[in-house]
Structure formats: C-alpha cells, structure tokens
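Visitor:
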Amino acid sequence: MRTIQKPRRRSVAKVRVYELAKELGMDSKTVLAKLQELGEFVRS
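Structure, rendered in structure tokens:
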C-alpha cells in the first residue's frame, strides 16, 4: 500500500524590501517596482 505525500514547497527566505534596498543603496519604491517588473511576488 502506498502512502500519499503532499508536494513539497520550496522554502524561500523572506527578505524585507527596505533591507534589500538599503543593501543595494537604492530607494525602496525603486526596488519594489523592479521586483514586480521581474514577476516576483512582493507583499507591501
């Protein structure tokens, strides 16, 4: 008898937009717009 396994989700580290913007020396709004342009899911 086989057991049914749920598909595994890929775990991705949560990075805050303002932290990424600070690292890149950019404005948060610019980073947010670029991420959305690249098709990344971003929650604001």
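Mapping of the sequence shown onto the numbering used here: residues 1 to 44, in sequence order. A virtual CB, placed ideally from N, CA and C, is assigned to each residue, including glycine.
Which residues in the same chain as V42 place their Cβ atom closer than 7 Å to its Cβ, once the five residues preceding and following it in sequence are excluded?
Guide: Excluding residues within five positions, the ones whose Cβ falls inside 7 Å are V17, L32, L35 and Q36.
Visitor: CB-CB under 8 Å to D27, same chain, minus the five flanking residues each way: which ones, in chain order?
Guide: So the list reads A21, once near-sequence residues are dropped.
Visitor: Please state the DSSP three-state secondary structure of A13.
Guide: Of the three classes helix, strand and coil, the one that applies to A13 here is coil, per DSSP.
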